[in-house]
Structures are given as C-alpha cells and as structure tokens.
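Visitor:
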Amino acid sequence: MTSTTKTRTVTIGTGTYTLEELKGAYRRMSEIRAFEDRLHIENTTGDIPGFIHLYAGEEAIAVGVCDNLEHSDYIASTHRGHGHCLAKGCGIRPMMCEIFGKDEGLCRGKGGSMHIADLSVGMLGANGIVGGGPPLVVGAALSAQYLGNSGVAVSFTGDGGSNQGLVFEAMNMAVVLNLPVIFVFENNGMGEATGAEFAVGSGDIAGRAAGFGLPATVVDGTDYFAVREAAAAAVARARAGEGPSVIEATAIRFYGHFEGDAGLYRTPEQLQAFKDSRDPLKIFRERTADVIDVAELDAIDEAATTEVDTAVAYARAAAWPAPEQVLSDVYASY
Ligand SMILES: Cc1ncc(C[n+]2csc(CCOP(=O)(O)OP(=O)(O)O)c2C)c(N)n1
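Going letter by letter, the sequence shown gives residues 374 to 707 in the numbering used here.
1) What's the C-alpha gap between PHE598 and ARG400?
2) Per DSSP, which one or two residues make a beta bridge with ALA622?
3) Exposed or buried, what is SER535 when buried is set at 16 or more other beta-carbons lying within 10 Å of its beta-carbon?
4) Does the beta-carbon of ARG626, which I'm using as the reference point, lie nearer than 8 Å to any heavy atom of ligand 1?
5) DSSP on PHE529, reduced to helix/strand/coil?
6) Taking all protein chains shown into account, decide if GLN518 is buried (16 or more other Cβ within 10 angstroms of its Cβ) or exposed.
7) Please report the Cβ distance between GLY495 and TYR447, rounded to the nearest whole angstrom; I am assuming they are in contact, meaning their Cβ atoms lie under 8 Å.
8) First and last residue of the beta strand (DSSP E) that includes TYR428?
9) For ligand 1, I want to know if SER575 counts as a neighbour, meaning its beta carbon is within less than 8 Å of at least one of the ligand's heavy atoms.
10) Along the chain, where does the alpha helix (DSSP H) that runs through GLY538 open and close?
11) Please confirm if the region 458-465 is in contact with the region 487-494, defined as three or more CB-CB distances below 8 Å between the two stretches.
12) Rounded to the nearest angstrom, what separates LEU654 and ARG481 at their Cα positions?
13) Taking THR476 and ALA691 to be in contact with their CB atoms under 8 Å, please state how far apart those CB atoms are, rounded to whole angstroms.
14) Flag VAL619 as yes when its Cβ comes closer than 8 Å to any non-hydrogen atom of ligand 1, and as no otherwise.
15) Could you tell me whether any non-hydrogen atom of ligand 1 is closer than 8 Å to the CB of GLY506?
16) Under a three-way DSSP split, which group does GLY564 fall into?
17) Go through its chain and collect everything with a Cβ distance to ALA386's Cβ below 6 Å, but skip five positions before and after it.
18) Should ILE578 be counted as a contact of ligand 1 given a C-beta to heavy atom distance under 8 Å?
19) Which residues bound the alpha helix (DSSP H) around TYR399?
20) I'd like the span of the alpha helix (DSSP H) that includes ALA604, first residue to last.
21) So, under 8 Å CB-CB, ARG689 and PHE473 are touching, yes? Tell me the CB distance rounded to an integer number of Å.
22) Quick test of your reading: VAL525 and VAL591, contact by CB under 8 Å. State the CB separation rounded to the nearest angstrom.
23) Under a three-way DSSP split, which group does ILE489 fall into?
24) Pairing CB atoms from the region 611-624 with CB atoms from the region 387-395, are three or more of them under 8 Å?
25) Tell whether a beta-carbon distance below 9 Å holds between ILE759 and ALA435.
26) Could you check what DSSP says for THR678 in three-state terms: helix, strand or coil?
27) Tell me whether SER535, by its Cβ, gets closer than 8 Å to a heavy atom of ligand 1.
28) Is THR451 near ligand 1 - that is, is its Cβ less than 8 Å away from at least one heavy atom of it?
29) Once DSSP output is grouped into helix, strand and coil, what is the label at TYR519?
30) Between LEU539, VAL664 and GLY586, which lies nearest to VAL383 when the distance is taken from Cα to Cα?
31) Using only alpha-carbon positions, find the residue among THR623, ALA566, GLU642 and ALA622 that is nearest to GLY629.
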C-alpha cells in the first residue's frame, strides 16, 4: 500500500482511492451488516411477514461490485437481496418499511424482503426464483446496447443458482449478442443445506464460463479490494463494447440459509472460525489500517447502527397499505 497526504489518495492492490471513497465503501458494508444483524433480532418478534435470508458475511461482494456502477446501470439480485439493494443505493428506511410490509416501503409493502425493487437506482429486484437474475440482466443489457448509453447490467447468483439451466441460456445469449453483462456468482459454499462441493459438478463455477467463450475471474469475496478490482475490469470491458464476463466470488454466509434455519450442517465452532477469518469488515479494517483511524471506522459502525435503529422504529410505527391498494401495481401499465 502507498499513500500521499498531499492528494489524499491511497493505492491498495491495483486501485487508487481517496480516503473519502474508502470510508464510503466501509460505511456501505457496515450499513449492510447493521441492517442484517438487526433483522436477525427483529424476525424473532414475528412482526416481519414472509421469509428473510440474510447477507451478512458477503458484504464485500455487493459493495465491491456496485461501487463501480452508476444508478443508470442495472443489477438483478437473489432471494438474499438486502445487501445488493443497499449497495446499489436503495434507502435504509424505505427498505425497512418494505420488509415490515408498510405502505412507505419501496414496493408499498407488497413485495417484502424477496421482491424489493427500486428502478430509480437501477435495482431490478430481489428474486425468489433461484437463477432468475441472469436472464433479466441479459434483457436489461440488450436495452442498454440498443440505446447506446454505455449502461451495464450485473446479475448476482449463488453457487446453487449457478446450476440452473436458464443461467446457461443467459450466458450463451450474452455472448452471442456481445452484451454488456457481468454474471457475478456468489459462492458461499452452500445452497440451503447442500454443500457446493456436492452440488456443483466439477466444483468450478468460473471454469464453466470457458464453455461459452466468456472470460472469468475467481476472487476472494471477503476482500472488498479484490472484488472491486475484478468488477472494475469487467465493467470497463462491458462499457467498451467488449462483451460479457463472469466473476466468481467466494465468501461465507454468517447466518442460516433463512431466518429460522437450525443450521445443523455446520458446527458453532466451524461458524465461529469462519467469522474470525473471513469477515469482510475485519478484512477491510486490516487492509486500511495504515490510512484510516480505527476510531473513524468505529464511528461509522455506530452511525450505521443508529440509522438502522431509527429505520426500524419508523417502519414499526408506519401505516399499513390501505385495503383499496390491494390491486394497484399488480399489472404493469404503459
Ligand atoms: C427455481 C428455484 N428452485 C428452488 C428454489 C428453492 N430455493 C430457495 S433458495 C435455494 C438455495 C439457493 O442457494 P444459492 O443459489 O447457493 O444461494 P444462497 O442461498 O447460498 O445465497 C433454493 C434451492 C427456488 N426458490 N427457486
């Protein structure tokens, strides 16, 4: 790492960042962590309708990718979508209202955790259909290519989702049409309770890209800088009209598959060892230890917790959708 106080920029890996950019990246990861840690507790009250799947442990993937994107670019998420939403710019309060089913939620309380969408920031939606994101971003990228606006579209898909047939169709079509797409595979080693080493044939998700003629990179998804650099290269390639690519990012999810999962497929000791060695926030702190004071990062954590506390209180007190809204937004209108 090198730094200059004159320009206030820091070089980490092959990237150069201002201190404000670094603190912003940490803040976004910290907000995701605070959001998910709080939902883990809130869910036990029974006041959250539907299932929730928490993203803690994978923060560096969403933030490392989305820090290369503009609001005019598109992402398509998964059932584990809160981190992607926050990283792409969805607000903490309207997301919390959505998860609590309230009228001020991003989808007026009708989507809930697994269907949050906010087109104003290019967030096409969380998705209960495993493997559903890649075909969506192929469509979004086709529109960007047609309009010639240099937009890119990114899908996030799990290791389990990587085995879905429509993912392969989407990859093939992206190559055939030379679309500005990045397929990000979040390999957290588990699809529900099934290990990726059992369910992923060959065990090599990124290796499958070669079959479509797609460039692919494998990165440590717990290292913000590794993800950020890999995504920067893929985004630059897509914006330059050089076509789609694949990133496989490895990480560990810190909570169960869904809230309520007994998690019997890993011991508390194994989980603790993962948390000790593969926590993206801790790793970010280590990599920036020479340039950012610990106290500043602690203050960012505290502010994130306070913002989430405020959002929960707001969402709990917020109004339910009016009964007459039940059929609004059910069908698209043009
Ligand atoms: C098409 C489809 N098949 C099965 C499911 C049930 N399901 C929900 S999440 C999940 C596991 C997904 O694992 P992975 O893609 O690795 O994502 P992770 O949960 O690890 O983030 C499955 C099988 C579903 N929602 N959609």
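Idealized CB from N, CA, C, for every residue including glycine.
It should be emphasised that the depicted structure is a prediction, and the values quoted were computed from it without experimental measurement.
Guide: Per the coordinate set shown:
1) The sequence position of residue 598 within the sequence shown is 225, counting from 1. The sequence position of residue 400 within the sequence shown is 27, counting from 1. Distance between the alpha carbons of PHE598 and ARG400 is about 15 Å.
2) Here the question's residue 622 lines up with position 249 in the sequence shown. For ALA622, which the question treats as bridged, DSSP gives the partners GLU559 and VAL592.
3) Sequence index remark: in the sequence shown, residue 535 carries index 162 (1-based). So SER535 ends up on the buried side.
4) Translated into the one-based positions of the sequence shown, residue 626 becomes position 253. Flag set: Cβ of ARG626 near ligand 1.
5) The residue labelled residue 529 in the question sits at position 156 within the sequence shown. Of the three classes helix, strand and coil, the one that applies to PHE529 here is strand, per DSSP.
6) In the sequence shown, counting from the first residue as 1, residue 518 sits at position 145. Classification for GLN518: buried.
7) Numbered from its first residue, the sequence shown carries residue 495 at position 122. Numbered from its first residue, the sequence shown carries residue 447 at position 74. Going by Cβ atoms, the distance from GLY495 to TYR447 rounds to 5 Å, so yes, they are a contact pair.
8) Counted from its first residue, the sequence shown places residue 428 at position 55. Neither: TYR428 is in no beta strand (DSSP E) and is coded neither H nor E.
9) Translated into positions along the sequence shown, residue 575 becomes position 202. False, no ligand heavy atom lies under 8 Å from that Cβ.
10) By one-based count along the sequence shown, residue 538 stands at place 165. Its alpha helix (DSSP H) spans residues 538-549.
11) yes
12) Locating residue 654 in the sequence shown gives position 281, where the first residue counts as 1. Locating residue 481 in the sequence shown gives position 108, where the first residue counts as 1. It is roughly 32 Å from the alpha-carbon of LEU654 to the alpha-carbon of ARG481.
13) Translated into positions along the sequence shown, residue 476 becomes position 103. Translated into positions along the sequence shown, residue 691 becomes position 318. The amino acid occupying residue 476 in the given sequence is Asp; Thr does not appear at that position. Right, their Cβ atoms sit about 7 Å apart.
14) Along the sequence shown, read from residue 1 onward, the residue named residue 619 stands at position 246. Incorrect: VAL619 has no Cβ contact closer than 8 Å to ligand 1.
15) Walking along the sequence shown from the start, residue 506 turns up at place 133. Short note on GLY506: C-beta not closer than 8 Å to any heavy atom of ligand 1.
16) The residue labelled residue 564 in the question sits at position 191 within the sequence shown. Residue state, collapsed to three classes: strand.
17) Position 13 of the sequence shown, counted from the start, is the residue given in the question as residue 386. The question names Ala, but residue 386 is Gly in the sequence shown. Excluding positions up to five away in sequence, the list reads PHE598 and GLU602.
18) Sequence index remark: in the sequence shown, residue 578 carries index 205 (1-based). Between ligand 1 and ILE578, a heavy atom-to-CB distance of less than 8 Å is absent.
19) Against the sequence shown, residue 399 aligns to sequence position 26. From DSSP, the alpha helix (DSSP H) with TYR399 extends over 392-415.
20) In the sequence shown, the residue the question calls residue 604 occupies position 231. ALA604: member of the alpha helix (DSSP H) spanning 597-612, first to last residue.
21) Indexing the sequence shown from 1 puts residue 689 at position 316. Indexing the sequence shown from 1 puts residue 473 at position 100. Between ARG689 and PHE473 a beta carbon distance of about 7 Å is seen, short of the 8 Å cut, so the two are scored as contacting.
22) In the sequence shown, residue 525 corresponds to position 152, counting from 1. In the sequence shown, residue 591 corresponds to position 218, counting from 1. Contact doesn't hold; Cβ gap of about 20 Å is too wide.
23) The count along the sequence shown starts at 1 and reaches residue 489 at position 116. DSSP places ILE489 in coil when its eight states are reduced to three.
24) no
25) Since the first and last residues shown for the chain are 374 and 707, residue 759 lies out of range.
26) Within the sequence shown, the letter at position 305 stands for residue 678. In the displayed model, THR678 falls within a helix according to three-state DSSP.
27) Start at 1 with the first residue of the sequence shown, and residue 535 comes out as number 162. SER535: yes, Cβ under 8 Å from ligand 1.
28) Along the sequence shown, read from residue 1 onward, the residue named residue 451 stands at position 78. Yes, Cβ of THR451 sits closer than 8 Å to a heavy atom of ligand 1.
29) Looking up residue 519 in the sequence shown gives position 146. Reduced to three states, the DSSP call for TYR519 is helix.
30) Looking up residue 383 in the sequence shown gives position 10. When each option's Cα is compared against that of VAL383, the closest is VAL664.
31) Counting from one through the sequence shown, the residue named residue 629 turns up at place 256. The option with the nearest alpha carbon to GLY629 is ALA566.
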